[in-house]
């Protein structure tokens, strides 16, 4: 068994699509829309075979103001080297994204950084 895809509610579907395509190399399928339900989505595939479905619907509200809620805690992308982690963090920082965890070795031995995507979701960038 393997994970097929992960779904993420977003408020700005097009900005989220651009974010995951540009910074993490997601390959985007065609936009799906269900006008009756006010729903739209994209499926982004990544080289390891896992996909991210970004979705918006008119009746889904924003998350809690403190940024934490029950549900997913973060999405992690592995880049293969500390240098690539450091480089991407600097590109994201220069482009105005919030770095909430500087590159470091964590207590459980991972080299990672944590940023917030365009919707405020936590993204771990791992060696």
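In full-length UniProt numbering, the protein residues as written are 1 to 127.
C-beta: ideal position from N, C-alpha, C; glycine also.
- DSSP places residue 87 inside the alpha helix (DSSP H), whose first and last residues are 82-94.
- The Cβ-Cβ distance between residue 77 and residue 10 does not fall below 8 Å.
- For the 8 Å CB-CB criterion, residue 5 and residue 73 do not form a contact.
- The region 83-98 makes no contact with the region 37-53; the number of CB pairs closer than 8 Å stays below 3.
- Cα atoms of residue 38 and residue 56: separation of roughly 8 Å, rounded to the nearest angstrom.
- Taking a C-beta distance under 8 Å as the contact criterion, residue 91 and residue 101 do not qualify as a contact pair.
- The C-beta of residue 34 has fewer than 16 other C-beta atoms within 10 Å across all chains shown, which makes the residue exposed.
- Its chain contains 77 as the residues whose beta carbon lies nearer than 6 Å to that of residue 24, once the 5 sequence neighbours on both sides are disregarded; these appear in chain order.
- Sixteen is the threshold: when 16 or more other Cβ atoms of the shown chains lie within 10 Å of the Cβ of residue 117, as they do, the residue is buried.
- When rounded, the separation of the alpha-carbon atoms in residue 110 and residue 36 is 45 Å.
- Residue 75 and residue 123 do touch by the CB rule: their CB atoms are close to 6 Å apart, below 8 Å.
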